[in-house]
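Letter by letter, the sequence shown follows residues 0 to 301 in numbering that gives the first Met the number 0. Cβ atoms here follow ideal geometry from the backbone N, Cα and C, with glycine treated the same way. None of these values were measured; they are calculated from a predicted model.
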Amino acid sequence: MKVASIFSLAFCLLLLLGTIRGGATSLAKFVTINDIPAISYAMWQSLTAALLLLTAGYLKTKRLPSFRQAGGHYLFCGIVGAALPNVLFFIAIKNMNAGAMAVILTLGPIFTYTLLLGLGRETVNRFRLIGLFLGLVGGSMIALGGTASNFTFNVFYLLGLLCPIFYASMSVYVSCRMSSPADPFLLAGATHFVSFLVLLPVGLITQQIHPIWIAPDLTDGLILLHGLIGATAYALLFKIIELAGPVFYSFSSYIIAVTGVIWGILLFGEALTPTFLIATLAIFFGLYLINATTERAGSGPN
């Protein structure tokens, strides 16, 4: 009964995580179509998430990130894992379907495997290669007009595809270059704080600073909410892995994609085309092959 209760809690948290992260793409689309500059949006979202994550990390460890010891690592993670992909995300989401973006973001594990394979840190596995192929085919179908009833090339879908590549690059960097990374809350908080510090001067130079404190409205509140969602997602990630393990957590990708598509339909009237459905199924099956074979590989002796 106790085990059943644990998995029931983990399942509920997984649904919560998938729902809020899937909804974040529609939230971002609503904010960006209200003419909030992408740089300013990413900057305030990073600052909000950083403050929440650093506070959580300090309460947990009674210390703050050491920029003297790991400043270079935080700089890389902040630029490659937060600033660049988030700005690209906000530029792209304004000009593409929110549901399609939610599906594209699930390609992270597939790109992670690709990078690790290229670095020689993963072995060649035919099932994972099939999963990689299916994921890339599905992503390409969406990027090359899979959400339209007829073929319409949209460069913003290609920009969207860069986001999971950057996120995967940060994951690979952390696993390969950081032998003893900081507490996850501190690492995530420092990453977002560096992102804010990098984007602030860029926003000032390009005159893209949106002052959220002047006549704040719904859009400004949603920017802060997006930062809260980011911080909450990290907390849920750690709790779900603690309760049920990383393989169970990996199913969040499917929930994020499905709920992201549903939010897009409900809020923006986005339509589902046969090509988009086929592409989504290809990505899902590709993710399954990579996650399943990773679990089998990791279940053997150390």
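To the nearest angstrom, how far is it from the Cα of residue i to the Cα of residue j?
i       : j       : result
Leu-8   : Thr-279 : 28 Å
Phe-10  : Thr-18  : 12 Å
Gly-56  : Leu-15  : 22 Å
Leu-53  : Gly-188 : 5 Å
Lys-28  : Phe-89  : 8 Å
Leu-115 : Gly-21  : 27 Å
Tyr-287 : Phe-126 : 10 Å
Leu-161 : Leu-87  : 8 Å
Ser-252 : Val-102 : 8 Å
Leu-26  : Gly-117 : 35 Å
Ile-141 : Phe-250 : 21 Å
Leu-50  : Leu-199 : 16 Å
Leu-143 : Phe-275 : 10 Å
Ala-270 : Leu-203 : 38 Å
Phe-155 : Ile-255 : 21 Å
Val-171 : Asp-34  : 34 Å
Gly-263 : Ala-99  : 9 Å
Starting from residue i, trace the alpha helix (DSSP H) in both directions and tell me its first and last residue.
i       : result
Phe-126 : 125-142
Met-95  : Neither: Met-95 is in no alpha helix (DSSP H) and is coded neither H nor E.
Ala-214 : Looking at the DSSP string, Ala-214 is not in any alpha helix (DSSP H), and its letter there is neither H nor E.
Arg-176 : 154-176
Is residue i close to the ligand COA? I mean its beta-carbon at under 7 Å from any heavy atom of the ligand.
i      : result
Gly-80 : Of the ligands one can find in the structure shown there are none, so the ligand COA has no counterpart to examine.
Three CB pairs or more closer than 8 Å across the segment 124-140 and the segment 56-74: no
Cβ contact check for the segment 219-231 and the segment 241-260: 3 or more pairs under 8 Å: no
Contiguous beta strand (DSSP E) assignments of at least 3 residues, all confined to the segment 47-74: Qualifying beta strand (DSSP E) stretches: none in this window.
The segment 204-221 contacting the segment 70-83, beta-carbon criterion three pairs below 8 Å: no
Cβ contact (3+ pairs, closer than 8 Å) linking the segment 91-107 and the segment 259-274: yes
Continuous alpha helix (DSSP H) assignments of at least 4 residues falling wholly in the segment 216-275: 217-243, 245-249 and 251-267
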